[in-house]
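**Student:**
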Amino acid sequence: MELILELEIPARPEYIAIARLVVSSVASSRRNLPDDRIDDLKLAVSEACTNAIEAYGSIATEGMGWPDDRTPPKQVPGGNGGVTERVRILVADDDEKLEIKVADTGPGFNPDDLPTHPPVTDPERLNFERGLGIPLIRTLVDDVEFASSSAGTSVLMTVYGEPLEMHPPEDLVPDDAD
Amino acid sequence: MDLGLDVDENHPPFTVLSVKGEVDVYTAPRLREKLVELVSQGKHQIIVDLDGVDFLDSTGLGVLVGGLKRLRSHDGDLGLVCNQQRILKVFEITGLTKVFAIHDSIEAAAG
Chain A
0 MELILELEIP ARPEYIAIAR LVVSSVASSR RNLPDDRIDD LKLAVSEACT NAIEAYGSIA
60 TEGMGWPDDR TPPKQVPGGN GGVTERVRIL VADDDEKLEI KVADTGPGFN PDDLPTHPPV
120 TDPERLNFER GLGIPLIRTL VDDVEFASSS AGTSVLMTVY GEPLEMHPPE DLVPDDAD
Chain B
0 MDLGLDVDEN HPPFTVLSVK GEVDVYTAPR LREKLVELVS QGKHQIIVDL DGVDFLDSTG
60 LGVLVGGLKR LRSHDGDLGL VCNQQRILKV FEITGLTKVF AIHDSIEAAA G
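Here the protein sequences line up with chains A and B, keeping their order.
Once you know that position 39 of the first sequence is 38 in numbering that gives the first Met the number 0, the rest is easy, because the numbers rise by one and skip nothing.
Once you know that position 82 of the second sequence is 81 in numbering that gives the first Met the number 0, the rest is easy, because the numbers rise by one and skip nothing.
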């Protein structure tokens with residue numbers, strides 16, 4: 000695997016748009032992927048970055064609820080709201096695949112312990128506004144691995160697809176090239 | 000990053016909220032605030048037009064689910080207008096196409 004991008008963003012929501020734009024631009028310039036696959040990757044990267052930032056507690060999403068069910072934002076010991084915390088995004092590829100790793104140093108979580116949503120036909124489903132990010136990531140990329148411990152979480156996402164063939168500009172190819 | 004939120008009252012009894020831009024964890028709170036404002040004004044039949052949305056993540060979906068829940072508790076409803084495959088796909092993957100009425104035009108949603 001060749002490392003082709005290393006990006007570090009402050010753990011704050013306003014930087015996620017930059018991360019997903021940079022990664023999707025790199026992916027479309029390196030791999031022969033249709034536009035809808037690039038869109039899928041863009042969303043998966045965004046969801047992984049959102050989870051990483053939430054791990055630091057710098058998104059008070061639980062405190063931004065509707066007025067009648069507002070709960071305090073979760074507090075992360077040692078966290079300082081994304082002022083110094085960072086999210087690292089690494090992109091590497093080879094002949095078969097593109098890998099994107101999104102890593103934080105938050106307190107970690109168990110991806111298998113997430114609450115299960117009721118069926119969409121169940122009226123109770125409307126009580127679940129969150130928790131869709133990881134199922135989305137699992138669907139949008141070809142493979143995903145979560146590694147989480149008290150030292151942090153990393154999400155490794157893989158997209159299979161051939162490299163984009165690089166053609167030199169025509170004026171650089173000698174006329175008698177065969 | 001700007002999120003456009005335009006309210007159109009020309010389709011009574013429906014209030015049309017047209018969203019433009021990218022809806023993610025950074026901008027979704029603004030969408031939520033606008034829906035809270037409309038509900039508090041007694042607007043209980045809301046159509047959210049997503050045709051101007053370039054990007055929608057799970058946070059945006061959560062805001063819409065929360066909006067639908069609040070409106071239903073007021074005997075209201077929240078319908079969607081969306082023709083973009085990349086946005087529709089997010090609703091399909093999450094099964095939310097069975098939760099929301101998704102229409103191809105404001106007229107169809109108001110019909």
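A virtual CB, placed ideally from N, CA and C, is assigned to each residue, including glycine.
If you follow the beta strand (DSSP E) that Asp38(A) is part of, which residue opens it and which one closes it?
**Tutor:** Stepping through the first sequence from its first residue, residue 38(A) is reached at position 39. Looking at the DSSP string, Asp38(A) is not in any beta strand (DSSP E); the run it does join, the alpha helix (DSSP H), is Asp34 to Ala54.
**Student:** What's the C-alpha gap between Leu63(B) and Arg31(B)?
**Tutor:** The count along the second sequence starts at 1 and reaches residue 63(B) at position 64. The count along the second sequence starts at 1 and reaches residue 31(B) at position 32. Near 8 Å, if we compare the C-alpha coordinates of Arg31(B) and Leu63(B).
**Student:** CB Val47(B) to CB Gly20(B), shorter than 9 Å?
**Tutor:** In the second sequence, counting from the first residue as 1, residue 47(B) sits at position 48. In the second sequence, counting from the first residue as 1, residue 20(B) sits at position 21. No, the Cβ-Cβ distance between Val47(B) and Gly20(B) is not below 9 Å.
**Student:** Flag Leu4(B) as yes if its beta-carbon sits less than 9 Å from any beta-carbon of chain A, otherwise no.
**Tutor:** The residue you call residue 4(B) lines up with position 5 of the second sequence. No, its Cβ sits nowhere closer than 9 Å to a Cβ of chain A.
**Student:** Quick one: what's Ser39(B) bridged to in DSSP?
**Tutor:** Taking the first residue of the second sequence as 1, we reach residue 39(B) at position 40. Looking at the DSSP assignment, Ser39(B) forms no beta bridge with any residue, so it has no partner.
**Student:** Against Arg85(B), what residues of chain A qualify as contacts under a CB-to-CB distance less than 7 Å, listed in chain order?
**Tutor:** Along the second sequence, read from residue 1 onward, the residue named residue 85(B) stands at position 86. Correct list: Asp35 and Asp38.
**Student:** State the DSSP-derived secondary structure class of Phe13(B), mapped to helix, strand or coil.
**Tutor:** For the purposes of this step, residue 13(B) is identified with residue 14 of the second sequence, where counting begins at 1. Residue state, collapsed to three classes: strand.
**Student:** With a Cβ-Cβ cutoff of 9 Å, do Ile3(A) and Cys48(A) count as a contact?
**Tutor:** The residue given as residue 3(A) occupies position 4 in the first sequence. The residue given as residue 48(A) occupies position 49 in the first sequence. In this structure, Cys48(A) does not lie closer than 9 Å to Ile3(A) by Cβ.
**Student:** Please list, in chain order, all residues of the same chain as Thr157(A) whose beta carbon is under 6 Å from its beta carbon, the five residues on each side excluded.
**Tutor:** To locate residue 157(A), count along the first sequence from 1; it is residue 158. Same-chain partners within the cutoff: Lys96, Glu98, Asp141 and Asp142.
**Student:** By a C-beta neighbour count over all protein chains shown, 10 Å radius and 16 as the cutoff for buried, is Leu89(A) buried or exposed?
**Tutor:** One-based indexing of the first sequence puts residue 89(A) at position 90. Buried: at least 16 other Cβ atoms inside 10 Å.
**Student:** Can you pull the DSSP bridge partners for Tyr159(A)?
**Tutor:** Position 160 of the first sequence holds residue 159(A). In DSSP, Tyr159(A) forms a bridge with Lys96(A).
**Student:** Terminal residues of the continuous beta strand (DSSP E) containing Ser147(A)?
**Tutor:** Against the first sequence, residue 147(A) aligns to sequence position 148. Note, Ser147(A): beta strand (DSSP E), Asp142 to Ser148.
**Student:** Considering Cα atoms alone, identify which of Leu70(B), His73(B) and Asp103(B) is closest to Gln148(B).
**Tutor:** Past the edges of chain B, shown from 0 to 110, lies residue 148(B), and the structure says nothing about it.
**Student:** Below 7 Å on C-beta distance, what does Glu21(B) contact in chain A?
**Tutor:** Position 22 of the second sequence holds residue 21(B). Residues of chain A passing the Cβ test: Ala16.
**Student:** Just to make sure I have the definition right: I need the residues of chain B whose C-beta is within less than 8 Å of the C-beta of Thr49(A). Which are they?
**Tutor:** Locating residue 49(A) in the first sequence gives position 50, counting from the first residue. By Cβ distance, chain B contributes Asp23, Val24, Asp56, Ser57 and Thr58.
**Student:** If you draw a straight line from the C-alpha of Ala91(A) to the C-alpha of Arg29(A), how long is it?
**Tutor:** Within the first sequence, numbered from 1, the residue matching residue 91(A) stands at position 92. Within the first sequence, numbered from 1, the residue matching residue 29(A) stands at position 30. Rounded to whole angstroms, Ala91(A) to Arg29(A) spans 10 Å at the Cα level.
**Student:** Take Thr219(A) as the anchor and find which of Ser148(A), Glu7(A) and Asn126(A) has the nearest alpha-carbon.
**Tutor:** In the structure displayed, chain A extends from 0 to 177; residue 219(A) sits before or after that span and is not available.
**Student:** Starting from Leu55(B) and walking both ways along the beta strand (DSSP E), at which residues does that stretch end?
**Tutor:** Working through the second sequence from its first residue, we reach residue 55(B) at position 56. It spans Gln44 to Leu55 - the beta strand (DSSP E) in which Leu55(B) sits, taken as one unbroken run.
**Student:** Please look up how many angstroms separate the CB atoms of Ile133(A) and Ala43(A), rounded, as I've assumed it's under 8 Å.
**Tutor:** To locate residue 133(A), count along the first sequence from 1; it is residue 134. To locate residue 43(A), count along the first sequence from 1; it is residue 44. About 10 Å separates the two Cβ atoms, so there is no contact after all.
**Student:** According to DSSP, is Asp121(A) helix, strand or coil?
**Tutor:** On the first sequence, residue 121(A) is found 122 positions in, with the first residue counted as 1. Reduced to three states, the DSSP call for Asp121(A) is coil.
**Student:** Taking the DSSP output, what are the residues bridged to Asp7(B)?
**Tutor:** Translated into the one-based positions of the second sequence, residue 7(B) becomes position 8. Note: Asp7(B) sits in a beta bridge opposite Val15(B).
**Student:** Using a Cβ cut-off of 7 Å, pull out every chain A residue sitting near Ile101(B), in sequence order please.
**Tutor:** In the second sequence, residue 101(B) corresponds to position 102, counting from 1. The premise fails here: Ile101(B) is roughly 13 Å from chain A at the closest Cβ pair, so nothing lies under 7 Å.
**Student:** In chain A, which residues lie with their C-beta within 8 Å of the C-beta of Thr42(B)?
**Tutor:** Here residue 42(B) is taken as the residue at index 43 of the second sequence, counted from 1. The identity of residue 42(B) in the sequence shown is Lys, whereas the question assumes Thr. The premise fails here: Lys42(B) is roughly 15 Å from chain A at the closest Cβ pair, so nothing lies under 8 Å.
**Student:** Does any residue of chain B have a CB that is nearer than 9 Å to the CB of Arg129(A)?
**Tutor:** Mapped onto the first sequence, residue 129(A) falls at position 130. True, the Cβ-Cβ gap to chain B drops below 9 Å.
**Student:** Distance, Cα to Cα, Glu5(A) vs Thr152(A)?
**Tutor:** Within the first sequence, residue 5(A) is the residue found at index 6, counting from 1. Within the first sequence, residue 152(A) is the residue found at index 153, counting from 1. C-alpha separation (whole angstroms): 17 Å.
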